Amino acid sequence: MIRIEELHFTYDDTFGLHDVNLEIESAEVVTLLGPNGSGKTTLLKCIYGILKPNSGCIYLDGKKLYEFTQSELAKTIGGVPQDHYLTFPYKVIDIVVIGRTPYLNIFSSPSQQDYKNAEKILDALGILWLKDRPYTQVSGGERQLVFISRALMQNPKVLLLDEPITHLDLKNRVKVLSAVKRVAMENKLTVLMTLHEPNDAIIFSDKIALMKEGRIVDYGRPNTVVNEENLQKMYDMSFRILRQDNAKVVMYQA
23 MIRIEELHFT YDDTFGLHDV NLEIESAEVV TLLGPNGSGK TTLLKCIYGI
73 LKPNSGCIYL DGKKLYEFTQ SELAKTIGGV PQDHYLTFPY KVIDIVVIGR
123 TPYLNIFSSP SQQDYKNAEK ILDALGILWL KDRPYTQVSG GERQLVFISR
173 ALMQNPKVLL LDEPITHLDL KNRVKVLSAV KRVAMENKLT VLMTLHEPND
223 AIIFSDKIAL MKEGRIVDYG RPNTVVNEEN LQKMYDMSFR ILRQDNAKVV
273 MYQA
């Protein structure tokens, strides 16, 4: 579904991405895991078409990214940024319906069917009861689910999520990531997201790509990739991994 070959990107001669190679299969949930400044968000922006790599290539379903029109790209990739800055109190349902924009022309507006589909998506994510509430009056976890709903309204093949659980407590972290995993399975959606917490990545990912200083350190199944040696290499600190019933719990050591 997504193939990245020898990708290189720099910000005004400062580091960005170096020789990134990555293959993500259709309907997989893949997490980019790494410390701040490791290049996770930069890689998402390159895939989303916001940043143009210096060299290398990105393929979506075998087609080069630069061969997509803006409209085609908007119908193929749905994205949820790390921060949202809406101040006007739009209703939640209206925020979600905005996701249909790539399918409308300048003379058309969302249909009743679009609103019905938006309600179905909100229901699937367990927040239909919020549909008439002002967006500015929902919690952080609910806000993330609203924006994921908006991205799903694009009917994309790929969903890009940049730190979807930033500033959320444990309950809302689990709620949001569980919803992402469930929606990906039900819709055969390819998901690429960035996370900081190894335990979250282990539980909710099919595969994990470890990143440091703009490079992919390791890539594969969570139980293979997330180990004490790799974590110490990435974060420059000691880790201890506990195992119980084939699951992993990552412990930090000062």
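In this text, residue positions in the sequence shown follow our numbering: the first is 23, and each later residue adds one.
Ideal Cβ placement from N, Cα and C applies to all residues, glycine included.
Every value quoted in this text rests on a predicted model; they were computed, and no experiment measured them.
- Judged by DSSP in its simplified three-state form, S260 adopts strand.
- In this structure, the alpha-carbon of I170 lies about 32 Å from that of D34.
- Within a 10 Å sphere around the beta-carbon of A269 sit fewer than 16 other beta-carbons, which makes this residue exposed.
- Beta-bridge annotation (DSSP): P156 is paired with K113.
- Within its own chain, the residues whose Cβ lies closer than 8 Å to the Cβ of H189, once the five positions on either side in sequence are excluded, are G162, listed in chain order.
- Counted as a single uninterrupted DSSP element, the alpha helix (DSSP H) harbouring E208 occupies residues L192 to N209.
- Note on N127: under 16 other CB atoms within 10 angstroms of its CB, so exposed under the neighbour-count rule.
- According to the DSSP assignment, A231 belongs to the beta strand (DSSP E) that extends over K229 to K234.
- Within its own chain, the residues whose Cβ lies closer than 8 Å to the Cβ of R155, once the five positions on either side in sequence are excluded, are K113 and V114, listed in chain order.
- About 7 Å separates the Cβ atoms of S48 and K210, confirming a contact at the 8 Å cut-off.
- Nearest neighbour of P220 by Cα position, chosen from L264, E208 and M207, turns out to be L264.
- Straight-line measurement puts the Cα of M273 at about 35 Å from the Cα of L174.
- By the 16-neighbour rule on beta-carbons within 10 angstroms, Y88 is exposed.
- One Cα belongs to E164, the other to E250, and the distance between them is close to 34 Å.
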